[in-house]
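> The structure under discussion is supplied below as structure tokens; questions concerning it will follow.
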Amino acid sequence: MKVLVTGGTGFIGSHTCCELLDADYDVVVIDNFSNSKSDVIDKIKKITGKDFKFYEGDVCDKSLLNKIFSENKIDAVIHFAGYKAVGESVAKPLMYYRNNIDSTLSLLETMNEFGCKKIAFSSSATVYGKPKSLPIKEDFSLSTTNPYGSTKLMIEDILRDLYVSDNDWSIAILRYFNPIGAHKSGLIGENPNDIPNNLMPYIVKVATGELECLSVFGNDYDTPDGTGVRDYIHVVDLAKGHIKAIEHILNSRGVDAYNLGTGHGYSVLDLVKTFMDVNGVNVKYKITDRRPGDIDACYADPSKARDILGWEARLGIEDMCRDAYNFVKNVKED
Ligand code: WQD
């Protein structure tokens, strides 16, 4: 079976390529390196001991997509490629709508033309907005508070409409909670070049001394210690969820959404303290004002993915903290 992975050199994409190759899928990757480095290609090959085809380019480029589908019999697609920074999306909405929607439409049109009607889509828990209760179930109401989240919800709607128009499609919409951690090899992980928006990469940069102090965005939320609570999931668990989703869509038709989370919520201070304990490092932090748009708490009910996909997260918050730090130490030694 051959799977096309868009954005396959990115944080989640690269880990998913490793799991696909380990599961003996043939893999084809398209990526424009807008949020990743080209050396990830060789690292995936080193980790798995397997080769795969790579096309450098943009998923908006229909001529490139036509080339890929002409040269490879693609059985299914995992679609990661897209811009994903919440703050940047507020500042540059047109760039986000153009890139994330245009690339998806180009991909789906090409898939249709080549008779490939099986796709797993990288969505996000951000489509739930501020949940009415917790844990979050897939049938909760959907709303978004920023252009990034709106692109994810629009693409979900496009996929649902596509299935209504043609029941031959098989579509898995995967709603990620907060992916962190890294492959145990320390060869791939998350190491943004600029100042990180997200919590874990910021903690790691403070631990390594690259940044001076973590700002904890508010400690007056309605949570046990007042700091924001999220469902952190190990990126390898998340990647394994994609293998289960591919198995499911290869053997079924329909469109459905699945929460890929652990079902456990941890606060900012929980994560900071676990990170310090597990890695024996100090992470200096200070409490500051809330970040606009943040919600108090968010964590999944992952039972649908367990019952239908046969998947559940197995790695804990200590593994996530250990592997995240191990990767960045490895990168610094390179
Ligand atoms: C987690 C917690 C912050 C940074 C976002 C997107 C989501 C997904 C993951 C793409 C919150 C606090 C953070 C910092 C802090 N992205 N925090 N200091 O906002 O839950 O989710 O990233 O798919 O779609 O919405 O993740 O890591 O930014 O924040 O105190 O320097 O850490 O307030 O409580 P978030 P995050």
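Numbering follows my numbering, with no gaps: position 84 of the sequence shown is 749.
For each residue, glycine too, the CB sits at the ideal point set by N, CA and C.
1. Indicate, with yes or no, if the ligand WQD has a heavy atom lying under 7 Å from the CB of Tyr931.
2. Please confirm if the region 909-929 is in contact with the region 694-713, defined as three or more CB-CB distances below 8 Å between the two stretches.
3. CB Phe940 to CB Asn856, shorter than 8 Å?
4. Check whether the Cβ atoms of Lys749 and Tyr793 lie closer than 8 Å to each other.
5. Which residue's Cα is closest to the Cα of Leu669: Lys782, Val751, Thr816, Leu759?
6. Relative to the ligand WQD, is the shortest distance from any of its heavy atoms to the C-beta of Thr791 smaller than 7 Å?
7. Report the option in Ala688, Met666, Ser703, Lys711 whose CA atom is closest to the CA atom of Gly851.
8. For Gly926, does the count of other Cβ atoms within 10 angstroms reach 16, so buried, or fall short, so exposed?
9. For the alpha helix (DSSP H) that contains Ile677, what are its first and last residues?
10. Measure the Cβ-Cβ separation of Tyr828 and Ile838 and say whether it is below 8 Å.
11. Is Leu876 helix, strand or coil by DSSP?
12. Between which residues of its own chain and Tyr617 is the CB-CB distance below 8 Å, once the five residues before and five after are set aside?
13. Nearest-angstrom Cα distance between Arg1078 and Cys963?
14. What does DSSP give as the partner residue(s) for Leu839 in the beta ladder?
15. Which ranges would you report for the beta strand (DSSP E) in the region 880-968 if only whole runs of at least 3 residues count?
16. Give the single residue among Gly675, Lys667, Thr713 whose Cα lies nearest to the Cα of Lys849.
17. Go ahead and label Met760 buried or exposed: buried means 16 or more other beta carbons lie within 10 angstroms of its beta carbon, across all protein chains shown.
18. The beta strand (DSSP E) with Lys718 in it runs from where to where?
19. Less than 8 Å separating the beta-carbons of Arg913 and Ile973?
20. Going by alpha carbons, who is nearest to Thr888 out of Arg971, Ile960, Ser701, Pro758?
21. What did DSSP end up calling Thr769 once you bin it into helix, strand or coil?
Looking at the coordinates:
1. The residue given as residue 931 occupies position 266 in the sequence shown. Outside the cutoff, so no.
2. no
3. Position 275 of the sequence shown, counting from 1, holds the residue named residue 940. Position 191 of the sequence shown, counting from 1, holds the residue named residue 856. For Phe940 and Asn856, no; Cβs fall outside 8 Å.
4. In the sequence shown, residue 749 corresponds to position 84, counting from 1. In the sequence shown, residue 793 corresponds to position 128, counting from 1. It is not a contact, given that the beta carbons lie outside the stated cut-off.
5. Position 4 of the sequence shown, counting from 1, holds the residue named residue 669. Nearest of Lys782, Val751, Thr816, Leu759 to Leu669, Cα basis: Lys782.
6. Along the sequence shown, read from residue 1 onward, the residue named residue 791 stands at position 126. Under cutoff, so the answer is yes.
7. Walking along the sequence shown from the start, residue 851 turns up at place 186. Minimum Cα distance to Gly851 is reached at Lys711.
8. To locate residue 926, count along the sequence shown from 1; it is residue 261. Buried, since its Cβ has 16 or more Cβ neighbours within 10 Å.
9. If you number the sequence shown from 1, residue 677 lands on position 12. Counting along the chain, the alpha helix (DSSP H) containing Ile677 begins and ends at 676-687.
10. Position 163 of the sequence shown, counted from the first residue, corresponds to residue 828. Position 173 of the sequence shown, counted from the first residue, corresponds to residue 838. No.
11. In the sequence shown, residue 876 corresponds to position 211, counting from 1. Of the three classes helix, strand and coil, the one that applies to Leu876 here is coil, per DSSP.
12. Nothing in the structure corresponds to residue 617, since the chain is present only between 666 and 999.
13. Not covered by the structure: residue 1078. The range shown for the chain is 666 to 999.
14. The residue given as residue 839 occupies position 174 in the sequence shown. DSSP, once it has assigned bridges, lists Ser787, Tyr923 as partnering Leu839.
15. 897-899, 919-925, 950-953
16. Start at 1 with the first residue of the sequence shown, and residue 849 comes out as number 184. Minimum Cα distance to Lys849 is reached at Thr713.
17. Along the sequence shown, read from residue 1 onward, the residue named residue 760 stands at position 95. It counts as exposed.
18. Counting from 1 along the sequence shown, the entry for residue 718 is found at position 53. Unbroken beta strand (DSSP E) run through Lys718: 718-721.
19. Translated into the one-based positions of the sequence shown, residue 913 becomes position 248. Translated into the one-based positions of the sequence shown, residue 973 becomes position 308. It should be noted that the sequence gives His, not Arg, for residue 913. Cβ atoms of His913 and Ile973: closer than 8 Å.
20. In the sequence shown, counting from the first residue as 1, residue 888 sits at position 223. Minimum Cα distance to Thr888 is reached at Ile960.
21. Counted from its first residue, the sequence shown places residue 769 at position 104. Correct three-state label for Thr769: helix.
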